[in-house]
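Asks: First the structure, which I've put down as structure tokens, then a few questions once you've had a look.
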Amino acid sequence: MSTIGNPILEGKYAASMDLWPLEARQFNRIYEFYDNLRAGRFTTTRCKRCQHVDYPPRVICSECYSDELEYIDLPVKGKVISFTEQARGVPLGFEPAPLIHAWIDLGKDSPVKRLLSRIHNCPAGSLKEDDDVQLIVFDIPAHPMEVGKETKTMERVFFGFEPIKKD
Ligand SMILES: [Zn+2]
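Under numbering that gives the first Met the number 0, the sequence shown is numbered contiguously, ending at residue 166.
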């Protein structure tokens, strides 16, 4: 059985201590982004009217306010532009240090040139600028949801990037 909510609460669910978005269609209007992640696709929204691409995905276009959006694929590999590495004071519920955030260059042909993401599976002190990284999708703690008289466990996923191992 999957963990519910924040692991430090030992199975009790407190919405205010949930570190992650509710991803089910009932709670989240960009649920398609998470459904795509589950299928191994990294996507965002493009406006059908003016072609503007937003990242993170949105429910209305930030340029023309149209809600006619479609999901398009983004590259799943990129290069580290710059990064921060937090060795202490990592918030409870996150995996242990280091907590690394990086700006990632997705390449000049990508509809989104750069984005900020966490870097996983990376020992402290080993990341360098220009390193190649790739998308990873992983399970995060589930959350309970009332469905009629039943409580259902809603599984969730999230994404980050990890260094591509060099031979
Ligand atoms: Zn638009």
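For each residue, glycine too, the CB sits at the ideal point set by N, CA and C.
Using alpha carbons as the reference points, say which of L18, D138, F160, A13 lies closest to L114.
Replies: Among L18, D138, F160, A13, the Cα nearest to that of L114 belongs to F160.
Asks: Report yes if the CB atom of L73 is closer than 8 Å to the CB atom of T44, and no otherwise.
Replies: no
Asks: So, do the segment 143–151 and the segment 123–134 have three or more beta carbon pairs nearer to each other than 8 Å?
Replies: no
Asks: How about I99 and K78: are their beta carbons less than 8 Å apart?
Replies: no
Asks: Taking the alpha-carbon positions, what's the K107 to R57 distance?
Replies: 22 Å
Asks: List the endpoints of the continuous alpha helix (DSSP H) containing L36.
Replies: 30–37
Asks: Within its chain, find whatever has a CB closer than 7 Å to the CB of V111; leave out the 5 residues flanking it on each side and keep chain order.
Replies: T43, V52, Y54, L73, L105
Asks: Per DSSP, what are the beta-bridge partners of S61 in this structure?
Replies: Bridge partners of S61: none, in fact.
Asks: Using DSSP bridges, identify the partner residues of C102.
Replies: Sequence check: residue 102 is Trp here, not Cys. Note: W102 sits in a beta bridge opposite S81, L115.
Asks: Specify the secondary structure class of I7 as computed by DSSP and reduced to three states.
Replies: helix
Asks: Using 8 Å as the threshold, is the C-beta distance between V75 and L18 below it?
Replies: no
Asks: Between Y30 and the rest of its own chain, which residues show a CB-CB distance below 7 Å, the 5 nearest in sequence each way excluded?
Replies: E22, A23, R24
Asks: With ligand 1 as the reference, list in chain order each residue whose Cβ lies under 6 Å from any of its heavy atoms.
Replies: This criterion selects C46, R48, C49, H51, C60, E62, C63, S65.
Asks: Within its chain, find whatever has a CB closer than 8 Å to the CB of N27; leave out the 5 residues flanking it on each side and keep chain order.
Replies: P20, L21, Y33
Asks: Name the DSSP bridge partner or partners of M16?
Replies: Per DSSP, none; premise fails for M16.
Asks: Helix, strand or coil, according to DSSP, for T2 in the structure here?
Replies: Coil, per DSSP.
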